[in-house]
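Oh and the sequence shown: position 216 is 1537 in my numbering, straight run, nothing missing. Heads up, the beta-carbon is just placed ideally off N, CA and C, and yes, glycines get one too. Owing to the predicted nature of the structure, the values given are computational and were not obtained by experimental measurement. Inspection log for the structure reproduced underneath, given as structure tokens.
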Amino acid sequence: MLTVGEVHTSLLQHSTALAQEQSAEVLGLVEGEAVLTSRRPSLYAVSPDVRTGVDCWLPSAKNRQLRGVGAVVTRAIITGGRIVQASSIIQVAAGARRRPWSYYLANSGMLETVGKLDAEDLATGFLHGNAADVLNLDAITGRVLDSVQMSDLLDRRPPLRAARTRLRWTAQVDQQPGDTATALVAVDSPTLRTVRLTVSPQDVPAAVAGLCEDLALHDWLLTMLSALVEAAVTRTGSAQEHIERLRPVLEHLLHLWLPGARVDPRLRPIWDRLEQVPGFSRQWQSSVNWIRDQITVGNMALLRELAGRVAVDQACVR
């Protein structure tokens, strides 16, 4: 069995963090279905599943023509009232013939091939291709995220500018003895990451999708922070301008760095290895410390400037 998915992550287009009740209202994408929420370890809200029927060619690294039919499941997530994600998932299985749509809709999250399935070929084609005429989770996922960002409840005045990132992933079941999941993470572009997972039969697709959502969330935080640091060191400007550019990170996003907090315990070893190489938390903490130092230095410079002005004013009065 092969499972594929895609996660888009972005800053919510709102000037303040949403309260939990507001997040639930924004994520009411399916009428009559409930939004799931939790408050520990941070505010977290998940929309009902949005189902999208697909009947299309499947990606292929070998340019094979293989048709697939099924229903992609997509959900939207708001974390901390600040970060919004859309996450799509579908399991691919070999099928024999085309079935009625009622069958596929009753088995949402499943896609059956009409022909012989080569899981390795499909996985490679999915990770490294994005043709519009094949299974395109990019478009499906992006559409759901756009629908959240266009909510009338959002004022579209975010405290900082940040690019949307995408994480595309595949998970194949390893039938060999042993239960340790592995992940190969690649940075394909400034906004695209690909993850190739090997999991055990006991790792359910929902847990694997949760791992990828958590990874995408923290990769977005680190990418956004790195971009701000790069802009601060390469652009000229006054101390006050640098402070105003960097301060929103500390005020709005710092508390959301909680890697692995919502990951299934069976899949936590993957996060543990990523913390060793490349060391996500080390990179994050190093950047945060640099920003704090810059703000401290900038504030000290402003205080010195203010003290100088006061001294001049007092001298003039005398």
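For residue i, the nearest candidate out of the options (CA to CA)
i	options	result
Ala1537	Ser1468, Val1506, Val1550, Thr1337	Val1506
Val1550	Arg1566, Glu1354, Asp1540	Arg1566
Met1322	Ala1397, Val1494, Leu1333, Cys1533	Val1494
Gly1349	Pro1369, Ser1359, Thr1358, Ser1331	Pro1369
Trp1490	Thr1519, Val1469, Thr1501, Ala1414	Thr1519
Leu1387	Thr1395, Arg1396, Val1394, Cys1377	Cys1377
Pro1522	Ser1423, Ala1548, Leu1588	Leu1588
Met1471	Val1405, Thr1503, Gly1436, Val1570	Val1405
Arg1613	Met1621, Glu1626, Leu1571	Leu1571
Ala1417	Val1390, Arg1556, Pro1511	Val1390
Asp1524	Pro1511, Thr1503, Asp1535	Thr1503
Val1380	Gln1343, Ser1331, Ala1440	It is Pro, not Val, that sits at residue 1380 in the sequence shown. Minimum Cα distance to Pro1380 is reached at Ala1440.
Ala1452	Ser1510, Asn1384, Gln1597	Asn1384
Asp1467	Thr1434, Leu1333, Ala1528, Glu1534	Leu1333
Thr1462	Leu1488, Gly1450, Thr1557, Asp1454	Leu1488
Arg1625	Pro1599, Gln1561, Asp1585	Gln1561
Leu1659	Val1347, Leu1627, Thr1557	With the chain running from 1322 to 1639 in the structure shown, residue 1659 is simply not present.
Leu1532	Arg1419, Glu1352, Leu1595, Leu1448	Leu1595
Pro1599	Thr1617, Val1508, Leu1448	Val1508
Val1584	Thr1555, His1539, Asp1535, Val1351	Asp1535
Val1469	Val1351, Gly1629, Met1621, Arg1556	Val1351
Beta-ladder partner(s) of residue i, from DSSP
i	result
Gly1326	Ile1410, Trp1490
Arg1514	Leu1488, Val1508
Ala1415	Thr1434
Leu1332	Ile1404
Gly1374	Ala1392
Val1455	Trp1378
Val1520	Val1494
Thr1503	Thr1519
Ala1397	Ala1407
Close-in-space but distant-in-sequence residues of the same chain around residue i (CB under 6 Å, 5 per side omitted)
i	result
Thr1445	Ala1382
Arg1478	Ser1336
Ser1423	none
Val1465	Val1371, Thr1395, Ala1397, Ala1407
Ser1331	Val1405, Arg1485
Contacting residues, own chain, Cβ-Cβ under 8 Å from residue i (five flanking each side not counted)
i	result
Ala1392	Arg1372, Thr1373, Gly1374, Val1375, Ile1411, Tyr1425, Leu1426, Asn1428, Ser1429, Gly1430, Met1431, Leu1432
Pro1526	Thr1324, Ile1410, Gln1412, Gly1430, Ala1492
Ser1363	Thr1400, Gly1401, His1576, Leu1577, Leu1579, Ala1582
His1573	Ala1338, Arg1403, Pro1480, Leu1481
Lys1437	Leu1387, Ala1415
Ser1344	Val1356, Thr1358, Leu1364, Ala1366, Ile1399, Gly1402
Ser1510	none
Element boundaries [alpha helix (DSSP H), containing residue i]
i	result
Leu1549	1526-1555
Ala1366	Where Ala1366 is concerned, there is no enclosing alpha helix (DSSP H), although the beta strand (DSSP E) it sits in stretches over 1365-1367.
Leu1387	No alpha helix (DSSP H) holds Leu1387; DSSP gives it neither H nor E.
Thr1445	1440-1449
Ser1472	Unbroken run through Ser1472: none, as it is neither H nor E.
Ser1423	1422-1427
Leu1595	1589-1597
Own chain partners of residue i with C-beta closer than 7 Å, once the 5 adjacent residues on each side are dropped
i	result
Ala1553	His1563, Arg1566, Leu1567, Gln1615
Thr1501	Pro1590
Ala1530	Gly1326, Ser1408, Ile1410
Ser1672	The question about residue 1672 has no answer here: the residues shown for the chain are numbered 1322 through 1639.
Gln1293	No information on residue 1293 is available, as it lies outside the stretch 1322 to 1639 that the chain covers here.
Leu1448	Arg1489, Thr1491, Thr1515, Arg1517
Phe1601	His1539, Leu1543, Pro1580, Leu1595
Arg1419	Val1390, Val1435
Continuous beta strand (DSSP E) stretch holding residue i: start and end
i	result
Ser1344	Here Ser1344 belongs to no beta strand (DSSP E); instead the alpha helix (DSSP H) covers 1341-1347.
Leu1350	Looking at the DSSP string, Leu1350 is not in any beta strand (DSSP E), and its letter there is neither H nor E.
Leu1357	1357-1359
Under 8 Å, with one C-beta from each stretch per pair, do the region 1473-1485 and the region 1513-1532 reach the 3-pair mark? no
Please confirm if the region 1451-1465 is in contact with the region 1325-1345, defined as three or more CB-CB distances below 8 Å between the two stretches. yes
Are the region 1600-1616 and the region 1539-1556 touching by the rule of at least three beta carbon pairs closer than 8 Å? yes
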